[in-house]
Amino acid sequence: GLRPADGKLGDQKRSVTPRQARDAGASVLVIGRPIARAEDPAAAARAIEATL
Numbered sequence: 132g133l134r135p136a137d138g139k140l141g142d143q144k145r146s147v148t149p150r151q152a153r154d155a156g157a158s159v160l161v162i163g164r165p166i167a168r169a170e171d172p173a174a175a176a177r178a179i180e181a182t183l
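Here the numbering used here is used: position 22 in the sequence shown is 153, and no number is missing along the way.
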């Protein structure tokens with residue numbers, strides 16, 4: 132799963148940051164819970180985008 136560097140892993144056994152996924156060649160990132168369950172989803176999305 133994709134998780135921000137400061138994010139909780141939750142039930143994910145394997146995870147990488149969005150930046151690590153992009154650097155490994157991902158062309159599309161699907162980021163669910165870190166945004167959907169955030170107190171401010173728009174701010175969470177912007178914070179993740181800023182790391183790319």
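Every residue gets a Cβ at the ideal spot worked out from N, C-alpha and C, and that includes glycine.
For residue i, the residue or residues it bridges with in DSSP
{"i": "L133", "result": "V147"}
Three-state secondary structure assigned by DSSP to residue i
{"i": "R168", "result": "coil"}
{"i": "I162", "result": "coil"}
{"i": "A155", "result": "coil"}
Buried/exposed call for residue i, threshold 16 Cβ in 10 Å
{"i": "L160", "result": "exposed"}
{"i": "L183", "result": "exposed"}
{"i": "A181", "result": "exposed"}
{"i": "A152", "result": "buried"}
Residue i and residue j closer than 8 Å at C-beta
{"i": "I162", "j": "P172", "result": "no"}
{"i": "A174", "j": "P165", "result": "no"}
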